[in-house]
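Asker:
In the numbering used here, the protein residues as written are 20 to 362.
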């Protein structure tokens with residue numbers, strides 16, 4: 020019986036050992052499979068990272084090439100602009116495409132105008148109405164066409180004085196007027212330091228008065244003297260005269276005018292970065308303007324950094340003071356507790 024029991028125990032131990040060995044072997048196989056999967060994942064991640072890096076490098080190279088091409092075209096455009104030449108581009112069909120160096124510029128300034136309206140009389144002197152108005156104007160025009168450039172001008176006015184046969188009349192500040200002009204500018208350069216612009220075109224004035232809403236439409240001729248003060252700045256002095264038909268408004272039945280004419284003078288400025296003055300009175304160049312702008316930006320950034328450092332130092336000082344106060348309170352509390360313990 021004892022022998023059988025020993026045999027049974029031996030068999031059970033052998034079976035237990037085999038089972039344990041089998042379990043450990045299965046666990047080892049699972050760990051090996053897991054390690055293999057992790058290795059595959061790592062390899063796939065490495066390949067993906069390599070592919071992403073390659074794509075990123077290709078995109079960066081393409082972007083750099085496009086940027087370089089754009090800068091080269093811009094440099095060629097600026098050279099053509101500065102030399103007053105048209106830009107020649109090779110077309111896909113092999114022919115050369117000529118493009119003028121066109122830019123849009125804006126002029127702004129103050130304007131003073133006088134409108135005269137006359138009603139003819141046979142048995143006495145003519146009725147003469149004169150309105151003097153002041154306001155502001157803005158021009159939008161192109162620069163780049165060698166012979167002629169379109170221009171659009173708009174101005175807003177408020178009345179200063181009104182007379183009837185040279186007798187002053189009461190003027191309300193609620194009256195107003197809007198003046199517009201569309202024409203084509205012919206430019207004449209005087210040694211690149213003075214530009215004379217002669218501009219014929221169509222003129223329109225809409226004016227609200229105490230009695231009527233007036234609408235004048237006619238022809239205008241404008242003369243402008245442009246002075247290139249700096250690389251980006253120009254001063255403009257203009258004078259214009261128009262001859263209009265003045266009976267399109269509500270006055271056409273009650274008070275039609277025989278003659279309507281208008282004189283205007285303007286004082287304005289132009290700031291532009293796309294059509295700068297290569298020749299100017301201050302002898303500024305593109306490099307000088309860029310250096311000045313970079314210095315201004317650097318000064319602004321330095322000031323911002325100094326303020327940031329000052330705020331950080333102030334915050335650190337405040338935190339240090341707060342910590343010192345807390346430590347002082349803690350020492351006082353420990354001193355009180357120690358005194359109570361001695362008592």
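Every residue gets a Cβ at the ideal spot worked out from N, C-alpha and C, and that includes glycine.
1. Helix, strand or coil for residue 189 per DSSP?
2. Just the C-alpha distance for residue 257 and residue 79, rounded to the nearest angstrom, thanks.
3. Have a look at 127, 341, 270, 264 and flag the residue whose alpha-carbon is nearest the alpha-carbon of residue 288.
4. In the structure shown, what three-state DSSP assignment does residue 350 receive?
5. Just reading off the alpha helix (DSSP H) that residue 273 is part of, what are its end residues?
6. Are residue 266 and residue 276 close, meaning C-beta to C-beta below 8 Å?
7. Whole beta strand (DSSP E) runs in the segment 184-229 with 3 or more residues, listed along the chain?
8. What three-state label does DSSP hand residue 363 in the structure shown?
9. For residue 246, I'd like the list of residues in its chain whose CB is within less than 6 Å of its CB, leaving aside the five on either flank, ordered along the chain.
10. State the Cα-Cα distance for the pair residue 130 and residue 284, rounded to the nearest angstrom.
11. Using C-beta distances below 6 Å, list every residue in its chain close to residue 269, excluding the 5 sequence neighbours before and after it, in chain order.
12. Taking only three categories from DSSP, how would you classify residue 4?
13. Taking the C-alpha atoms as reference points, what is the distance between residue 294 and residue 88?
14. Where does residue 126 sit, in a helix, a strand or coil, going by DSSP?
15. With distance defined between alpha-carbon atoms, name the residue in 204, 141, 325, 225 nearest to residue 215.
16. To the nearest angstrom, report how far apart residue 353 and residue 329 are at their CA atoms.
17. Assuming residue 197 and residue 160 are in contact, meaning their beta carbons sit under 8 Å apart, how far apart are those beta carbons, in whole angstroms?
18. Below 6 Å CB to CB, which residues in the same chain sit around residue 222 once its five sequence neighbours on both sides are set aside?
19. Look at the alpha carbon of residue 342 and the alpha carbon of residue 326, and state the distance between them as a whole number of angstroms.
20. Using DSSP bridges, identify the partner residues of residue 136.
21. Can you check DSSP and say which residues form a bridge with residue 32?
Answerer: On the basis of the data shown:
1. Taking the chain shown and counting its residues from 1, one reaches residue 189 at position 170. DSSP places residue 189 in coil when its eight states are reduced to three.
2. Residue numbering aside, residue 257 sits at position 238 when the chain shown is read from its first letter. Residue numbering aside, residue 79 sits at position 60 when the chain shown is read from its first letter. The straight-line gap from Cα to Cα measures roughly 50 Å.
3. Here residue 288 is taken as the residue at index 269 of the chain shown, counted from 1. Comparing Cα positions, the closest option is 127.
4. In the chain shown, the residue the question calls residue 350 occupies position 331. Correct three-state label for residue 350: helix.
5. Looking up residue 273 in the chain shown gives position 254. Run containing residue 273: 270-273, per the alpha helix (DSSP H) assignment.
6. Looking up residue 266 in the chain shown gives position 247. Looking up residue 276 in the chain shown gives position 257. In contact: residue 266 and residue 276 (Cβ atoms closer than 8 Å).
7. 186-188, 195-209, 213-227
8. Any answer about residue 363 is impossible in this case: the structure gives the chain only from 20 up to 362.
9. Numbered from 1 along the chain shown, position 227 holds the residue referred to as residue 246. These residues qualify, in order along the chain: 254.
10. On the chain shown, position 111 is the one that residue 130 refers to. On the chain shown, position 265 is the one that residue 284 refers to. Rounded to the nearest angstrom, the two C-alpha atoms are 6 Å apart.
11. As a working note, residue 269 is residue 250 in the chain shown. Contacts found: 231, 232.
12. As displayed, the chain neither begins before 20 nor continues past 362, which places residue 4 out of reach and without an answer.
13. By 1-based counting over the chain shown, the position of residue 294 is 275. By 1-based counting over the chain shown, the position of residue 88 is 69. Rounded to whole angstroms, residue 294 to residue 88 spans 21 Å at the Cα level.
14. Reading the chain shown from its first residue, position 107 is the one you call residue 126. Reduced to three states, the DSSP call for residue 126 is strand.
15. Taking the first residue of the chain shown as 1, we reach residue 215 at position 196. Checking every option, the nearest Cα to that of residue 215 belongs to 204.
16. Residue 353 sits at position 334 when you count from the first residue of the chain shown. Residue 329 sits at position 310 when you count from the first residue of the chain shown. Cα to Cα, residue 353 sits roughly 36 Å from residue 329.
17. Here residue 197 corresponds to residue number 178 of the chain shown, with the count starting at 1. Here residue 160 corresponds to residue number 141 of the chain shown, with the count starting at 1. Residue 197 to residue 160, Cβ: 19 Å. No contact.
18. For this step, residue 222 is matched to residue 203 along the chain shown. Excluding positions up to five away in sequence, the list reads 200, 237, 239, 261.
19. By 1-based counting over the chain shown, the position of residue 342 is 323. By 1-based counting over the chain shown, the position of residue 326 is 307. If you take the alpha carbons of residue 342 and residue 326, they lie about 24 Å apart.
20. For the purposes of this step, residue 136 is identified with residue 117 of the chain shown, where counting begins at 1. Partner(s): 148, 279.
21. Your numbering for residue 32 matches position 13 in the chain shown. None, per the DSSP bridge assignment.
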